[in-house]
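These notes concern the structure reproduced below.
Protein chains in written order, with my numbering: chain A, 8 to 87; chain B, 8 to 87.
Structure below.
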C-alpha cells in the first residue's frame, strides 16, 4: 500500500473531499488516497518474498520523495 | 479498497509487470492494481459509518462497470 506522505499536499484528495461533501450524504472531514499493488511472485520464504517486494517498491513502484509504503506478505497455496 | 474487476484487462498492470520483470530482481507472475481511500467522517455508529461509506463509494468513488470494492470501517478516538 503506497500512500502520499502526510507532509505533502494531495490536491486530488482535496478535490475528492469537496465532491463527496457536495453529495450531502455526510460531512467527510478528511480524505487520504493511495495505491494498492498485489504482486504474485515465487520465493523460497516469506522473508525472501519481503526482500524482493521491498526492492521492487524501492526501484520502481514508490516515489520516495513524496510517497511512503507498507508491505504485507502472504503465502499462497501453489496448485501443483 | 477499490480494485479492477478480474474480468477486465488492466493494461497499466500489464505494463508494470513487464517493467518489474525487466529489473531482474525476481519473476513477478501477476500484478493487480487498485486505489485505496481513507475517509474520516462522523457517524453515530460503525453501522451508520459503513452505510455512509457505501453510499459515497456507490455515488462517486467507484465505477461499478469496471471496479469492485471492499470496505473496512474503523472507530477513531475523538480528541474532545
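Ideal Cβ positions, reconstructed from N, Cα and C, are used throughout, including at glycine.
Inset, instruction - Kindly indicate if chain A contains any beta-carbon less than 8 Å away from that of residue 50 (chain B). - result: For this step, residue 50 (chain B) is matched to residue 43 along the second chain. It does; some Cβ of chain A falls within 8 Å.
Inset, instruction - Measure how close the beta-carbons of residue 74 (chain A) and residue 9 (chain A) come, nearest whole angstrom, since I'm counting them as under 8 Å. - result: As a working mapping, residue 74 (chain A) is identified with position 67 in the first chain. As a working mapping, residue 9 (chain A) is identified with position 2 in the first chain. Their Cβ separation, rounded to whole angstroms, is 5 Å, which keeps residue 74 (chain A) and residue 9 (chain A) in contact under 8 Å.
Legend entry - Collapsed DSSP secondary structure at residue 21 (chain B) in the structure displayed: The residue labelled residue 21 (chain B) in the question sits at position 14 within the second chain. If DSSP states are grouped into helix, strand and coil, residue 21 (chain B) belongs with the helices.
Legend entry - Beta-carbon gap between residue 39 (chain B) and residue 19 (chain A) smaller than 8 Å: Taking the second chain and counting its residues from 1, the one referred to as residue 39 (chain B) is at position 32. Taking the first chain and counting its residues from 1, the one referred to as residue 19 (chain A) is at position 12. Not closer than 8 Å, so no.
Inset, instruction - Note down the Cα distance separating residue 13 (chain B) from residue 84 (chain A), rounded to an integer number of angstroms. - result: Numbered from its first residue, the second chain carries residue 13 (chain B) at position 6. Numbered from its first residue, the first chain carries residue 84 (chain A) at position 77. So the two alpha carbons sit approximately 19 Å from each other.
Inset, instruction - Work out the CA separation of residue 77 (chain A) and residue 67 (chain A) for me, nearest whole Å. - result: Counting from 1 along the first chain, the entry for residue 67 (chain A) is found at position 60. Counting from 1 along the first chain, the entry for residue 77 (chain A) is found at position 70. Distance between the alpha carbons of residue 67 (chain A) and residue 77 (chain A) is about 15 Å.
Inset, instruction - Whole angstroms is fine: what's the gap from residue 48 (chain A)'s alpha carbon to residue 11 (chain A)'s? - result: Position 41 of the first chain, counted from the start, is the residue given in the question as residue 48 (chain A). Position 4 of the first chain, counted from the start, is the residue given in the question as residue 11 (chain A). Their backbone Cα atoms lie some 25 Å apart in a straight line.
Inset, instruction - Evaluate residue 30 (chain B) with the Cβ neighbour count: other Cβ atoms within 10 Å of its Cβ, from every protein chain shown; 16 or more gives buried, anything less gives exposed. - result: By one-based count along the second chain, residue 30 (chain B) stands at place 23. With fewer than 16 Cβ atoms within 10 Å of its Cβ, residue 30 (chain B) is classed as exposed.
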